[in-house]
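Chains as they are written, first to last, in the working numbering: chain A, 1370 to 1722; chain B, 1370 to 1722; chain C, 1370 to 1722; chain D, 1370 to 1722.
Okay, structure first, notes after.
Protein chains: 4
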Amino acid sequence: MIVILEPNVTETQIQNVVDRIQAVGLSAHLSRGTYRTIVGIIGDEEKIQFEPLLALPGVSEVIPVLPPYKLASREAHPRGSIVEVAGVKIGGDHLALIAGPCAVENEDQMHRIAQAVKQAGAHILRGGAFKPRTSPYAFQGLEEEGLKILRAAGDAQHMPVVTEVTDPRCVGLVDEYADMLQVGARNMQNFVLLKEVGKVQKPVLLKRGMSATVTDLLMSAEYILSQGNSRVVLCERGVRGFDTKIARNLFDVATVAAVKQLSHLPIIVDPSHATGQPALVPHCALAGVAAGADGVHIEVHDRPEEAKSDGAQALLPLQFAALVTQIRQLAELFGKTLTPTEESNRATTPDCR
Amino acid sequence: MIVILEPNVTETQIQNVVDRIQAVGLSAHLSRGTYRTIVGIIGDEEKIQFEPLLALPGVSEVIPVLPPYKLASREAHPRGSIVEVAGVKIGGDHLALIAGPCAVENEDQMHRIAQAVKQAGAHILRGGAFKPRTSPYAFQGLEEEGLKILRAAGDAQHMPVVTEVTDPRCVGLVDEYADMLQVGARNMQNFVLLKEVGKVQKPVLLKRGMSATVTDLLMSAEYILSQGNSRVVLCERGVRGFDTKIARNLFDVATVAAVKQLSHLPIIVDPSHATGQPALVPHCALAGVAAGADGVHIEVHDRPEEAKSDGAQALLPLQFAALVTQIRQLAELFGKTLTPTEESNRATTPDCR
Amino acid sequence: MIVILEPNVTETQIQNVVDRIQAVGLSAHLSRGTYRTIVGIIGDEEKIQFEPLLALPGVSEVIPVLPPYKLASREAHPRGSIVEVAGVKIGGDHLALIAGPCAVENEDQMHRIAQAVKQAGAHILRGGAFKPRTSPYAFQGLEEEGLKILRAAGDAQHMPVVTEVTDPRCVGLVDEYADMLQVGARNMQNFVLLKEVGKVQKPVLLKRGMSATVTDLLMSAEYILSQGNSRVVLCERGVRGFDTKIARNLFDVATVAAVKQLSHLPIIVDPSHATGQPALVPHCALAGVAAGADGVHIEVHDRPEEAKSDGAQALLPLQFAALVTQIRQLAELFGKTLTPTEESNRATTPDCR
Amino acid sequence: MIVILEPNVTETQIQNVVDRIQAVGLSAHLSRGTYRTIVGIIGDEEKIQFEPLLALPGVSEVIPVLPPYKLASREAHPRGSIVEVAGVKIGGDHLALIAGPCAVENEDQMHRIAQAVKQAGAHILRGGAFKPRTSPYAFQGLEEEGLKILRAAGDAQHMPVVTEVTDPRCVGLVDEYADMLQVGARNMQNFVLLKEVGKVQKPVLLKRGMSATVTDLLMSAEYILSQGNSRVVLCERGVRGFDTKIARNLFDVATVAAVKQLSHLPIIVDPSHATGQPALVPHCALAGVAAGADGVHIEVHDRPEEAKSDGAQALLPLQFAALVTQIRQLAELFGKTLTPTEESNRATTPDCR
C-alpha cells in the first residue's frame, strides 16, 4: 500500500501516518520527492486494508498494491478452475451452453423448449421460477411450482438445470430442485444472498451487475468463496450504456478477457440480456467465445409472442441451433470442447439426480 | 400504447397484431403512413402492458403512453406527499436534515455524534448497524447491538432514527428499533426486500441504485407502495460516472427536479455517498436544495480517522454546522421550513417511541 | 511521479527504470515493499512526463503526483481569475448571465430576443451563426450574415456578444464581430481550433465535451492558455448519461465545485444544453449557482415553435425573467453580485466596440 | 413521424399541430386514444424533419420513423459496400488489417515497423503525423515530414498508408501523401473537417467518438457522403466506460453488429485504442472479427519503451504476427478472405502511387 501525502503536509502529520502504520505491526518507508512525500507500507498489507488512512490529516491518496479479493484471484489458483454442474464442466477446455426460456411458464412450454435446446446441443437448461421484475404488476414467476416443472423438464432431457434465487429464505428450496443457483445482476451486491448461496454445496452462476466494476464482481464472488463454496461461475451480461436504441445494455467483451487474467473463475457471457435484441445475440455470443468465454447463456423460446417475460429477446430454437453450430466451430478453433449432445446425455445421466 | 410496425409488415401480420389487441378487450386504430403503419391502442392500456407485443412478427417498436408506475405517479396524488418520521416532516414546505455516522461503532461514538448533529440542527439521526460492504472482510456492522445503540442515542437527543435493512429476515427486527427503514442503493432492485418493507408501518428511505433510471427508481417505490406502505422517501445519491478521480459517483441533480414533476413522493439528496469527497459535499448539498430536494442526508463523524467505514467522506461536526446554516438560508429563500432545533425537540418527543 | 513495479520484476528491469529516470537528470528513490517495489521520482516531474515509462518491462503503473495542466491549475493563480467580456466580469464575486437564442435566424428575431433578455437582466447576448448540427441536412447557421445580425442586436442593447466558432479558418472572422468566442462541446478536443482561439485577444467560452473528464477539460483550457490567451471561461453543459428519457445529458454539478478547487478559471453552467428540457432548466440553473458557478448560460426564444434549432429546449422570455429574479436572490445569499441591468448598460457601453 | 400529444392538450392545440403539418404539404392522421391523442404524419417525412414540432404547445413527444441518415443507411445500398484503398478491399468478404505505430517518429522507426507488419500480414500501414494529444506539451507529430516518412515506408513495403488529418486546412496536404484519411474519435463531430474530407477523392476512416451513439456515428458518415465522397469506413474504438482500471475505454462489440444491419458501410475495430492494454488487444480483436467486423486496426511498435506516443498500448511485432494467424483462421471460418501477404504485394503495387 502506498500513501501519497498532501503537498503541504506537516511533519506532525507525517509522523501520525507513520505511527498509525506501525501500530498495526507494519513498517513505513518514507520517500520525500520534490513535490510530494510518499509512504510505502512494508509488511502484510491486509493488516491495514480497512484502516481509514485516507481520513488522516495530510493524506491525499491511498493506493493499494494488492487486489482486495484473494480467493477469487488468479494468484490463489494459477490454473483456471473448472466448475462442474452435475457432470457438465465449465472452464478449462470446456465450453458450456446454457439455454432455455426466461421464465418457466407451464409444463408443456418447458418440456417443448427443453427438448429443443437439448437437441440443438445445449448442456444446461435454464428457466426462472422466481422472477425479479422491474414492475410489481408483472408476472413474478411460478415459484416452487416452477422449480418442479424445470426439474422435470431437465430430468426428461438428462440436463442439469440452473435457476435464479432472489430471496435468502428460499436458497434451501431452490437448492432442493436446481443443480446450479443463479444470482441475478440486480442482486450482485445483495451480500445477504451471496452469503447464503456461499453456504450451499451447489455451483453458483453470479451475474455481473449493470454498474459493477470487475473489482466489484470479483468481490461479490469473494463473498461466496469466503463462505466455503468454491464453485462460482461468473457471467458478463452487459452494463449500462448510453445508446439504448441499439441495445438494452452495453456488452463488455473486454471484461471477459480481463477476468480470465485476474481470476481463476470461469466466466460465461449472456448476450440475450446484454443486448435484448435477437438480431444481435448471435454476433455477441460469438464475440464472447472469441474473447475467451467459458460458456454462453442464451434465452430460447419457441413461441416468443406468448412468453410471459422477455419474449422479444429470445432466439427461436432454429436460430439457437444455427448459433450452436457456429459456436462449436469457433470453440474448436480455440482448442475448446463443446461436448457433443449424445455423449453429453450419457455422461450427465448418472450425476443427474 | 402505440405499436410501430416494420416497413415490410404483411397484412396478415397487421391483422395478427390487431387480433391480439382485441383479444384483451381493447380497440386498435390503424394509421397507414407513407413509410410505416402504426397501431394506436384505445382502452385501458394496463390490460396489455405486459403482453409481449414486441415479439409479434412485424412489430418494430412498442411505445407506452402511460408511465408504468401508478401509485408513485404525480397523477395519483397531485399535491406532493409529506412523509412524517416520528414527528419530523419530509416534503411539502418541510426540509429535513438527516445526519450521523456511516456505521454505528460503539455507544460513546454514537452519543457524541448524535449530540453534535442535533446541536447543529439535524432532525433525524442515521447510523448503520447492518453494513452492505463491498468486501466480505470489511466491518459488517454491529447488527442488533448497533440498533440498540442507535435507538438509545436517538432517544437521548429526542431524534427519530433511520437505519439500513439489508435482509428480508431482519425487517421485523429493524422495525422494532428504527423510526425509518433505509433500503440502500445496492438493494434498490432487491424486490424481495422491497416487498417486506412494504408490509411494515414505518416510513422507508429508498436510495437510488447506481445505474437506475428514474423509471426504475419509481418502479421500486411502486413495489413498496403496492404492499400498502405509502410512506416512501426517495434519495438521489449519485450514479456511475466516468470521472472517478473527481467524485466516487456522479451526483444527478436534474433527477431531483424530474422526480418532483413525475411523482408525489418526497426526494432528498445524499451528497456524501454521491461524491465521497468532503470538499464537494457542501456544494452538492446546496445544489440539491436549490434544485428542489425535500431534505439532505449527510454523513458526519467527529473522528473520521477512527471510523470503521467511509470515514474519509464524512464531514466534521463543525463543517456540518456551517452547512446547516447555509441550507437554512437557502430553504427560506425557497419558502421552505427547516424546523429550528429547539422546537423540533419539543415536537418530536411525544412521537418518539 | 511514482512508478509501481510488477510483482515479479527483475533486478535488471529495476535498474533499467532507474537508468531511464536518471538519464533525464532526475533521481530515483527505491522502496522495496513486501509485495511490490516502488520507485519515487525526485526532481522536476515535467522532464519525464511524456516519457513512456509505462512501456518499460516490469512497470505496472505510473502515477503522476502533479496535475498535467499548469497554467490552468489553481496553484498557478491561487486567487480565482476574473474574466472580463467587454466590461462584463465573470468570476470572483461576479455572476454573469448569458442568454439568447440557439441560432441567429434573422434580424427581427435577434432584436426581439436581445431586448427581452436584456430587460430580464442578462449581461451577454448569445446566438449561433455557425451551427455544428448532428445532421448535414439541418440548418447550419447564417454564417457571416448571422455574425452581423448578432453584433447589431448586441450593440442596440449595449450587450457584449458571444458566438460559437467551429472552423480554425473562421476564427479571425468571428473575432471581428464577437466579444467572446465559444468553443462548443463537440470541439472541446479539436486541438487545432483551440490553438487558433488561443492566439486571439478575446475571451473564450470553452464548453465541456460530453465525455470529458475534468482533467480533459482543463487540458483543453491549457491549450488555449499556452498560446497566450489567458481569458478562458469554462462551461459545464452535461455529460452522456443513461437516462435520456429524463434529460438529454446528465448535468454534472459536482464538477463545478471540483473545477473551482482545481483551477482558477471561472466556470459557468448551461442547463439548457445539459437537460434539453425547459421544465428542468430553472432547477438546474439554481443548482449550478448554489454549487458555486460563476455564471449561467440559458437559451431563450420568444417563439420556440418557429426556432430553426433546439426550440424545444429554450425558455420563454417570461420564464427567463422569473429565473433571473431567483438567481439574483441566490447570488446575494452567496455574496455574489449580479450587476443590475441599468448599471450594466452604462458600464458596458464604452467598452462595447 | 408520430406526434404524441400531452394528456391535457386542447382542440386548438391539436388543430395547430395539424395545420403545421399540412402547411408543408403533408397529411395528418389523428388517433384519439383513451389516454392520449397521437398524430401520424403521412407523406415525405423529410419535409418536416427539422421543424420544431416538439416546441408546439400540447406536444409531448415526436418520434421519427425513418432514420435521419439516408446515404449511410442499409436501405440506400442493400448490399454492403466494399471500399478500396489503393487496391486493398475493405468490406464484403474482405477483411483488412491496418497496422503500424501510433506516431511516425523517424525514418528508421517507420521502415522497421512497416517491414515487420507487412511481413506479419498487414495490408495497410498506419502512422500519425498530426497527433491530437490531450496535452499541449506532448509530442504533436512530425507534420509534413511525418507524412513523407510514412509515404516512403509504405512505398518500400508496397502498402497503402492511412494517417489522421486534424485540420481542415491540411486536408489537401494529407491527401497528397496518404491513400486513406483518418478522422479521429475526438473529431468525429468536427463537422467542418468532415465536410472537407467529403470533398477529396480518397477513402476516409471515420472513428467513433467516445460518447457517440450509432446514430451520431452514421450522421457523421452522412456528412462525408453528402459531400460526394462515398468511400467511408467506420471504426469502433471504445466508448467511455466506468471501469478505467480494466481498460481505457469500453469496447462496444455489439455496435459492430448493429452498424452492419443499419448501414452498408464497412466497419472495422481498433482494440488498441479501445482497451489501451496490450494483454486485452488480441482478445478484443478476435471478438470484433467474430462479431462481423470488416477489418482490424492495431498499433504495433517494436520498441514501445521508446515510443513518443501511446507506446504502452502497442503490440510487439511478434505478438501482432501471432494475432494475424488467429484472425486469418477466424476469417476463414466466417467465409472471409484475408489476402495472403505475397499476393497482396503484387496486387497493390500498381495502384500504389
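Backbone N, C-alpha and C define an ideal beta-carbon position, used for all residues, glycine too.
{"query": "Against chain C, with Cβ distances strictly below 7 Å, would H1398/A count as a contact?", "result": "yes"}
{"query": "Between the stretch 1694-1706 of chain A and chain D, which residues of the former have CB atoms less than 7 Å from a CB of the latter, in chain order?", "result": "Q1698, L1699 and L1702"}
{"query": "Pull out every residue of the stretch 1518-1545 of chain A whose Cβ sits closer than 9 Å to any Cβ of chain B, in chain order.", "result": "T1535, D1536, P1537, R1538 and C1539"}
{"query": "Since V1669/D is in the alpha helix (DSSP H), which residue starts that stretch and which ends it?", "result": "Element bounds for V1669/D: n/a, residue is neither H nor E."}
{"query": "What would DSSP say about D1462/C, mapped onto helix, strand or coil?", "result": "coil"}
{"query": "Check the DSSP bridge columns for G1723/D and list the partner residues they point to.", "result": "Because chain D spans 1370 through 1722 in this model, residue 1723/D falls outside it and cannot be assessed."}
{"query": "In angstroms with no decimal places, state the Cα-to-Cα distance between Y1404/A and G1515/C.", "result": "50 Å"}
{"query": "Taking just the CA atoms, how far does E1545/B sit from A1472/A?", "result": "37 Å"}
{"query": "Quick one: which chain C residues come within Cβ less than 8 Å of K1680/D?", "result": "In the sequence under discussion, the amino acid at residue 1680/D is Gly, which differs from the Lys named in the question. Correct list: P1421, L1423 and A1424."}
{"query": "Would you identify the three-state DSSP class for Q1551/B, choosing helix, strand or coil?", "result": "strand"}
{"query": "What alpha helix (DSSP H) runs, 4 residues minimum, are completely inside the stretch 1475-1507 of chain D?", "result": "1476-1489"}
{"query": "Can you list the alpha helix (DSSP H) stretches of 4 or more residues lying completely in the stretch 1380-1449 of chain D, in chain order?", "result": "1380-1392"}
{"query": "Decide yes or no for the touch test of the stretch 1486-1502 of chain A against the stretch 1459-1469 of chain A: beta carbon pairs closer than 8 Å, at least 3 of them.", "result": "yes"}
{"query": "Strictly under 7 Å for the Cβ-Cβ distance: is T1381/A near chain D by that measure?", "result": "no"}
{"query": "Is there a Cβ of chain D sitting closer than 7 Å to that of S1580/C, yes or no?", "result": "yes"}
{"query": "Run down chain A in chain order and give the residues with a C-beta less than 9 Å from the C-beta of I1371/C.", "result": "I1371, I1373, S1400, G1402, R1405, I1407 and I1432"}
{"query": "Under 8 Å, CB to CB, which of the residues in the stretch 1587-1616 of chain D have a partner in chain B?", "result": "R1609, G1610, F1611 and T1613"}
{"query": "List the endpoints of the continuous beta strand (DSSP E) containing C1653/B.", "result": "No beta strand (DSSP E) holds C1653/B; the alpha helix (DSSP H) holding it covers V1650 to A1659."}
{"query": "Is the CB of I1493/C under 7 Å away from at least one CB in chain A?", "result": "no"}
{"query": "Check I1451/A in the structure and name its three-state DSSP category.", "result": "coil"}
{"query": "So for D1679/A, helix, strand or coil by DSSP?", "result": "coil"}
{"query": "What would DSSP say about A1662/B, mapped onto helix, strand or coil?", "result": "coil"}
{"query": "Within the 7 Å Cβ cut-off, does H1633/A reach chain D?", "result": "no"}
{"query": "Can you name the residues of chain D whose CB is closer than 8 Å to the CB of D1413/B?", "result": "T1403"}
{"query": "In whole angstroms, what is the alpha-carbon distance linking Y1506/A and D1639/C?", "result": "39 Å"}
{"query": "What would DSSP say about D1612/A, mapped onto helix, strand or coil?", "result": "coil"}
{"query": "How should L1687/D be labelled, buried or exposed, when 16 other C-beta atoms within 10 angstroms of its C-beta is the threshold for buried?", "result": "exposed"}
{"query": "With 7 Å set as the bound, which would you pick, yes or no: does the beta-carbon of L1435/B sit closer than that to a beta-carbon of chain D?", "result": "yes"}
{"query": "Who pairs with G1597/A in a beta bridge, going by DSSP?", "result": "Bridge partners of G1597/A: none, in fact."}
{"query": "Using the C-alpha atoms, what's the distance from P1537/D back to P1537/C?", "result": "8 Å"}
{"query": "Taking the alpha carbon of P1376/C as the point to measure from, which residue in V1428/C, A1554/C, H1398/C and R1389/C has its own alpha carbon closest?", "result": "V1428/C"}
{"query": "Could you tell me the distance, in whole angstroms, from the CA atom of L1519/A to the CA atom of R1481/B?", "result": "55 Å"}
{"query": "Say whether chain A places a C-beta atom closer than 7 Å to the C-beta of H1652/D.", "result": "yes"}
{"query": "Quick one: residues in its chain with C-beta nearer than 8 Å to the C-beta of L1423/A, no 5 flanking neighbours on either side, listed in chain order?", "result": "E1430 and V1431"}
{"query": "Just checking, does the stretch 1555-1565 of chain B make contact with the stretch 1651-1659 of chain B on the three C-beta pairs under 8 Å criterion?", "result": "no"}
{"query": "Verify whether the separation of the beta carbon atoms of S1400/B and S1400/D is less than 7 Å.", "result": "yes"}
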